[in-house]
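**Student:** Before I ask anything, here is the structure I am working with.
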Amino acid sequence: AQSVTQLDSQVPVFEEAPVELRCNYSSSVSVYLFWYVQYPNQGLQLLLKYLSGSTLVKGINGFEAEFNKSQTSFHLRKPSVHISDTAEYFCAVSEGTGNQFYFGTGTSLTVIP
Amino acid sequence: KAGVTQTPRYLIKTRGQQVTLSCSPISGHRSVSWYQQTPGQGLQFLFEYFSETQRNKGNFPGRFSGRQFSNSRSEMNVSTLELGDSALYLCASSSAHGEQYFGPGTRLTVT
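Protein chains in written order, with the working numbering: chain A, 15 to 127; chain B, 194 to 304.
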């Protein structure tokens, strides 16, 4: 089974500053990788996904992530954050279509005005 | 396309009762997964159904069960509710490409 590690449980950052949320997974087999965002009292919204191809993936709301197979990482980045980015972010890994998703414990991003 | 819908959105039950939650996936999606989310345990996978068959199962007691109908709608049932079952229950439907799309969740409170 996969395990997913989100190294930072809480990340405070000032508005308009860059941010990186870190995610590492355990297995080096072929994987699908995802980042989700959850706003209070809502479900999870897909931010971006890596299924194959280019290792740099762009998502919604100006977020991007880079797949690094050798380091088994999929870190999420945004060059300039907004207040509205304050939310919980989850990294997820799947070993392919039809396979179980494994989620990290989440990173709470707080954007400070 | 309409998103994943879950009913009810909020539910209050008493210990020992049972509860049934419903999920309607995105049209055309045949896979439905269920998760329990709590502040202490995070997101935990319950089970996944595909074409009316349970395909994957998490590590939860038998009090948690589910099913899927021919129209891909899914229900999960929790019997003999315990205080620790209070959580946000999330349903997700999967596309053929493998990504999951989540519903808004059902907030279950057990008193």
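Glycine included, each C-beta is placed from N, C-alpha and C at the ideal position. Computed from a prediction, not measured in an experiment: that's the story for all the values here.
Apart from the five residues just before and just after residue 71 of chain A, which ones in its own chain have a Cβ nearer than 6 Å to its Cβ?
**Tutor:** Cβ neighbours of residue 71 of chain A beyond the five flanking positions: 62, 64 and 79.
**Student:** Is it true that the segment 265–279 of chain B meets the segment 85–94 of chain A, where meeting means three or more beta-carbon pairs spaced less than 8 Å apart?
**Tutor:** No, they do not touch.
**Student:** Between which two residues does the beta strand (DSSP E) carrying residue 74 of chain A extend?
**Tutor:** Element bounds for residue 74 of chain A: n/a, residue is neither H nor E.
**Student:** Taking buried to mean at least 16 other C-beta atoms within 10 Å of its own C-beta, is residue 207 of chain B buried or exposed?
**Tutor:** Residue 207 of chain B should be labelled exposed.
**Student:** Could you round the C-beta distance between residue 41 of chain A and residue 16 of chain A to whole angstroms and report it? I think they count as a contact, below 8 Å.
**Tutor:** Confirmed, about 5 Å.
**Student:** Does residue 61 of chain A get closer than 8 Å to chain B when you measure Cβ to Cβ?
**Tutor:** No, no contact with chain B.
**Student:** Closer than 7 Å by beta-carbon distance: list the chain B residues that pair up with residue 108 of chain A, in chain order.
**Tutor:** Within 7 Å Cβ-Cβ: 291.
**Student:** Pull up the CB-CB distance for residue 46 of chain A and residue 59 of chain A, whole angstroms please, since I reckon it's below 8 Å.
**Tutor:** In fact, because the Cβ distance is near 17 Å, the residues do not count as touching under 8 Å.
**Student:** Report yes or no: do the segment 198–205 of chain B and the segment 267–275 of chain B share at least 3 C-beta pairs separated by less than 8 Å?
**Tutor:** With the cut-off at 8 Å, the segment 198–205 of chain B and the segment 267–275 of chain B do not touch.
**Student:** Considering only the alpha carbon of each residue, which of B:254, B:223, B:304 and B:209 lies closest to residue 285 of chain B?
**Tutor:** Residue 285 of chain B has its Cα closest to that of B:223, out of B:254, B:223, B:304 and B:209.
**Student:** Of all the options A:100, A:96, A:99 and A:120, which has the alpha carbon lying nearest to the alpha carbon of residue 106 of chain A?
**Tutor:** Minimum Cα distance to residue 106 of chain A is reached at A:120.
**Student:** Residues of chain A with CB closer than 7 Å to the CB of residue 258 of chain B, please, in chain order.
**Tutor:** Here the premise fails: no neighbours, minimum Cβ distance about 18 Å.
**Student:** Got a sec: is the Cβ-Cβ distance from residue 226 of chain B to anything in chain D below 8 Å?
**Tutor:** Although the question refers to chain D, the structure presented lacks it and instead comprises the protein chains A and B.
**Student:** Short of 8 Å in beta carbon distance, which residues of its chain neighbour residue 235 of chain B, apart from the five on each side in sequence? Order them along the chain.
**Tutor:** So the list is empty, once near-sequence residues are dropped.
**Student:** Which of the three DSSP states, helix, strand or coil, is assigned to residue 235 of chain B?
**Tutor:** DSSP places residue 235 of chain B in strand when its eight states are reduced to three.
**Student:** Please name the residues in the segment 199–220 of chain B whose beta-carbon is closer than 9 Å to at least one beta-carbon of chain A, in chain order.
**Tutor:** Flagged, chain order: 199.
**Student:** Mind pulling the chain B residues with CB within less than 8 Å of residue 46 of chain A?
**Tutor:** 291 and 292, listed in chain order.
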